[in-house]
Structure formats: C-alpha cells, structure tokens
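First the structure, in the form of structure tokens, and then the observations on it.
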Amino acid sequence: MGSLHVIRGAPKAAVIGGGFIGPVHVEALRRLGIEVRGLLGSSAERAKPLADRLGIPRVYRDFDDLLGDSTVEAVHVASPNAAHFEQAQRVLDSGRHVVCEKPLAVSPAETAALTELAGSRPAQASAVNYNVRFYPLCHEMRSRIRRGDIGRVLSVTGSYTQDWLLYPQDYNWRVEADGGTNLRAVADIGTHWMDLAQFVVGQPIRQVCADLATFHPERQKPVGPSDTFSGGVGAKESHCVPISTEDHAAVLLRFSDQARGSFHVSQVTAGRKNRVILEVAGTDGSFAWNSESPNQLWIGSRRGPNQLLERDPALLTPEAAALGDYPGGHAEGFPDTFKQVFRAVYQWIADGGAGPRAYPTFEDGDREVRLCEAIARSAREQRWIEVIERA
Ligand code: SOE
0 MGSLHVIRGA
10 PKAAVIGGGF
20 IGPVHVEALR
30 RLGIEVRGLL
40 GSSAERAKPL
50 ADRLGIPRVY
60 RDFDDLLGDS
70 TVEAVHVASP
80 NAAHFEQAQR
90 VLDSGRHVVC
100 EKPLAVSPAE
110 TAALTELAGS
120 RPAQASAVNY
130 NVRFYPLCHE
140 MRSRIRRGDI
150 GRVLSVTGSY
160 TQDWLLYPQD
170 YNWRVEADGG
180 TNLRAVADIG
190 THWMDLAQFV
200 VGQPIRQVCA
210 DLATFHPERQ
220 KPVGPSDTFS
230 GGVGAKESHC
240 VPISTEDHAA
250 VLLRFSDQAR
260 GSFHVSQVTA
270 GRKNRVILEV
280 AGTDGSFAWN
290 SESPNQLWIG
300 SRRGPNQLLE
310 RDPALLTPEA
320 AALGDYPGGH
330 AEGFPDTFKQ
340 VFRAVYQWIA
350 DGGAGPRAYP
360 TFEDGDREVR
370 LCEAIARSAR
380 EQRWIEVIER
390 A
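Going by numbering that gives the first Met the number 0, the sequence shown opens with residue 0, and the numbers climb by one from there.
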C-alpha cells in the first residue's frame with residue numbers, strides 16, 4: 000500500500016481555472032501538503048468567491064500578475080483548451096514546473112512546440128493530467144499484461160460515456176470549435192480513453208478509422224458563463240448558435256503489434272455520468288474495468304473460473320499497490336487519482352528531477368492530439384488514417 004505522506008520541500012503552486020477541474024486540483028494539492036498561493040480565473044471578480052471558498056490567499060488580476068508572483072514555482076493549467084498553449088509555454092519559459100489539463104493543446108503544431116520546449120528544460124516538470132491511469136487497478140492491468148498473464152494482446156475495446164450535453168440547451172465552452180482539430184468529445188474524453196488503453200497494453204495506436212456525429216447542430220448558448228456539468232437547462236436568457244463539434248464518435252483502432260481495437264465516446268448517453276469502460280482480451284485471458292466500480296477488476300479465463308479482484312494492496316503488484324493509500328474495502332476514486340498524479344509529479348521535483356517521470360508527460364499529451372488529428376481526418380475522408388509519429 001502507498002503511504003499517506005506530504006511531499007517535503009515541495010514547490011508552491013498556483014492554479015489557473017475556476018471551473019469544475021481547477022478546484023479538484025487545489026484539493027488534491029493540499030492533500031499532499033502543497034501550498035496553493037493563488038488562483039487565476041476568467042476574471043478576478045468570478046475567481047474571488049471561489050478563492051474565498053477554497054481559502055486561497057490571492058486572486059490574480061491576469062496571467063502576467065500570476066507570472067509576477069515570485070513565490071509560485073509550479074503552475075496548474077486548468078483553463079479552457081484554447082488557452083493551454085500560451086499558458087503552458089509561458090510557464091515553462093518562466094522557469095517553472097507545469098501541470099496541464101488534457102488535452103495538452105488544440106493542435107499537433109502546438110503540442111509539438113510545447114513538447115520541444117519541455118524537452119529543452121529537463122529540470123522542470125511538464126505533465127499532462129491523464130489521471131484515469133492512476134486508478135490503482137489500471138496500473139494493475141498494465142503490470143499483469145507486462146507479466147504475461149493474458150498472453151499476447153488481441154483486442155482493446157471500450158467506451159467513455161457521459162450525459163451532461165444531452166439536451167440542446169446544455170452548453171459549455173467545450174462545444175465550440177477550438178480552431179485546432181475542432182474535436183470535442185474525442186479531445187475531451189476520448190483522449191482519456193486512448194491514453195489509458197495505450198498505457199495499459201503498452202503499445203501505441205498506429206491507425207484509426209472514425210465516424211463522428213453531431214446530433215445537435217444547434218445549441219442554446221446562455222448569456223454568461225456555463226460551467227462544466229452545470230447543464231444549460233433553465234438558463235434565463237440564451238440564443239441559438241450553430242455547432243459543428245461531435246457529440247459522439249466511434250473509432251476503429253490498429254495497435255503497433257497487430258492488436259485490434261475500438262471505442263466510442265458520447266456526451267449524450269442518458270444516465271451515463273462519467274463512465275470509462277476498458278476491456279483487453281489476450282491469447283490466454285482478459286481484463287475488464289469500469290470506472291463506475293473502479294476498485295474491482297474482472298479477470299476472464301478459459302481455463303478456469305473468471306475472477307473479480309477487489310482492490311486490496313496485498314493482492315496487487317507493487318506498482319499498483321503503491322497507488323492505493325487505503326486498505327482493501329476502503330474505496331478510492333476520482334479525486335484520489337489527481338492526488339496520485341500530482342504525487343508522482345511533485346515527488347519527481349522533490350527528488351531533484353533526475354529520475355524517470357512516473358507521470359503523463361508532454362510527449363504523451365502530444366501523442367493524444369496527433370491521434371485527434373488522425374481521427375478528424377479519418378472522419379472527413381472516411382478511410383483508415385496512419386497516426387503521424389514524431390521523429
Ligand atoms: C468533462 O467531460 C470532464 O470534466 C472532462 O473534461 C474531464 O477530463 C473528465 O475527468 C471529467 O469530465
């Protein structure tokens with residue numbers, strides 16, 4: 000089992016983003032004993048009540064004001080996707096560590112530039128928050144596959160489904176074309192699924208064939224902000240706007256060593272609130288995991304009874320056991336994954352930034368956006384597309 004501990008000597012942090020995920024970052028940082036020095040929101044007026052609620056001492060006027068705070072050594076970028084590139088770039092240029100929400104940026108050109116910049120600053124942490132990997136049983140699947148428990152991987156399938164954008168009155172900045180790949184469900188939650196799948200099976204996706212659907216070609220945009228998961232139903236005043244980003248995507252996959260796969264993503268599946276499903280089938284066994292019951296792992300076999308592994312550190316491989324801070328039967332979930340990602344980042348920093356990066360890096364974030372570009376092209380051209388690899 001992991002050990003509940005703070006990260007001694009950790010840098011002080013600031014968070015950009017006052018929507019749904021920014022406060023989740025603040026909470027996770029504090030569980031690690033990391034001081035959050037300030038918050039930057041869409042405006043100081045909107046950020047102030049949130050900062051007061053979270054007990055954050057400072058609200059920044061703007062991004063320059065944040066970068067002017069010499070007490071801040073690490074910045075968490077949890078702003079809308081279109082702002083990630085400039086913010087992550089300037090944070091790295093300022094000599095600070097950066098943890099960026101996914102997707103890393105809105106186009107492969109941006110993620111390539113960020114990855115190159117991060118590579119030129121090896122002493123600075125540069126992480127992308129693909130937190131789903133950090134459910135302990137996701138690491139367990141990876142460890143057992145690497146150990147050969149299910150033989151050669153044959154297929155990797157699953158889905159990521161939500162319902163918070165089901166109605167045309169539901170609105171959020173995510174539904175607007177971002178000027179990059181212009182994908183929404185795929186960039187927002189599909190990249191979580193693809194990052195998890197590649198992490199678990201240990202091989203990259205090489206080719207994709209995709210079908211996208213925009214079921215609501217118009218949505219009611221409320222006057223004023225509408226936060227994630229808030230829905231737009233009941234908004235006082237709104238106006239109709241055209242929408243081109245996808246509500247749903249179905250994608251066929253070919254992995255690097257002949258494994259096949261498929262997944263779908265939807266933000267219009269009534270009753271599915273935030274459900275990640277992954278199933279990996281091999282030549283001698285299979286795994287299935289569901290984020291709605293994240294502490295259970297289904298293990299399929301032809302040679303004997305199937306099993307249902309209940310997360311218990313005593314039954315896990317060391318890599319997975321290290322991600323659990325509580326004994327078996329004490330459920331760990333979504334917020335704990337943020338704590339584990341940030342623990343990996345800040346422990347790397349505290350250890351001098353020399354060792355392996357046990358967290359999702361900008362290279363991982365760049366790969367995900369290149370997958371998005373291939374998916375968008377495949378849907379346009381209605382054919383298989385090769386994922387462009389970085390040299
Ligand atoms: C909205 O789809 C969202 O907040 C994603 O942006 C997050 O990455 C995911 O963890 C929960 O849902």
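Glycine residues also receive a C-beta, built at the ideal position from the N, C-alpha and C atoms.
From a predicted model like this one, the values you see are computed outputs, not experimental measurements.
Beta-carbon contacts of Arg-173 that lie in its chain and below 6 Å, excluding the five residues immediately before and after: Arg-183, Asp-187
Would you mind working out which of Tyr-170, Thr-213, Arg-301 sits nearest Ser-237, comparing C-alpha positions? Tyr-170
For the candidate residues Arg-253, Tyr-325, Ser-158, Phe-198, whose alpha-carbon lies nearest to that of His-263? Ser-158
Hey, Leu-251 and Ser-261 are a contact pair by Cβ (cut 8 Å); roughly how many whole angstroms apart? 5 Å
Find the nearest neighbour of Val-275 within the set Ile-204, Ala-196, Glu-388, judged by alpha-carbon distance. Ala-196
8 Å CB neighbourhood of Glu-217 in its chain, flanking five on each side removed: Pro-167, Cys-239, Val-240, Pro-241, Ile-242
Under the criterion of a Cβ to heavy atom distance below 7 Å, does Gln-219 qualify as lining the ligand SOE? no
Consider the C-beta atom of Asp-187 and the heavy atoms of the ligand HEM; say whether any pair is separated by less than 7 Å. What this structure holds is the ligand SOE, not the ligand HEM.
Name the two residues that bound the continuous beta strand (DSSP E) containing Tyr-159. 152–160
Alpha-carbon spacing of Glu-318 relative to Gln-219, whole angstroms: 46 Å
Any chance the CB of Gln-206 is under 7 Å from a heavy atom of the ligand SOE? no
Give a single yes or no on whether Lys-101 has its beta carbon closer than 7 Å to a heavy atom of the ligand SOE. yes
Are the beta-carbon atoms of Leu-103 and Leu-65 separated by less than 8 Å? no
Could you tell me which residues DSSP pairs with Ile-456 in its beta bridges? Nothing can be reported for residue 456: it is not among the residues displayed for the chain, which extend from 0 to 390.
Restricting to Cα atoms, I'd like to know which of Thr-336, Leu-315, Phe-333, Pro-334 is closest to Pro-326. Leu-315
Can you give the Cα-Cα distance for Pro-359 and Leu-370, rounded to whole angstroms? 16 Å
If you measure between the beta carbons of Phe-228 and Ala-27, is that distance less than 8 Å? no
In the DSSP assignment, find the alpha helix (DSSP H) that holds Val-25 and state where it starts and stops. 20–30
Helix, strand or coil for Trp-393? Go by DSSP, reduced to three states. The chain is shown from 0 up to 390; residue 393 falls before or after that span and cannot be answered.
Please name the residue or residues paired with Leu-252 in a DSSP beta bridge. Val-207, Gly-260
For the ligand SOE, is there a heavy atom less than 7 Å away from the beta-carbon of Thr-227? yes
Answer yes or no: the CB of His-191 versus the heavy atoms of the ligand SOE, is any distance below 7 Å? yes
If you measure between the beta carbons of Leu-296 and Leu-53, is that distance less than 8 Å? no
I'd like the list of long-range same chain contacts for Asp-311, defined as Cβ closer than 6 Å, with 5 residues on each side in sequence excluded. Gly-327
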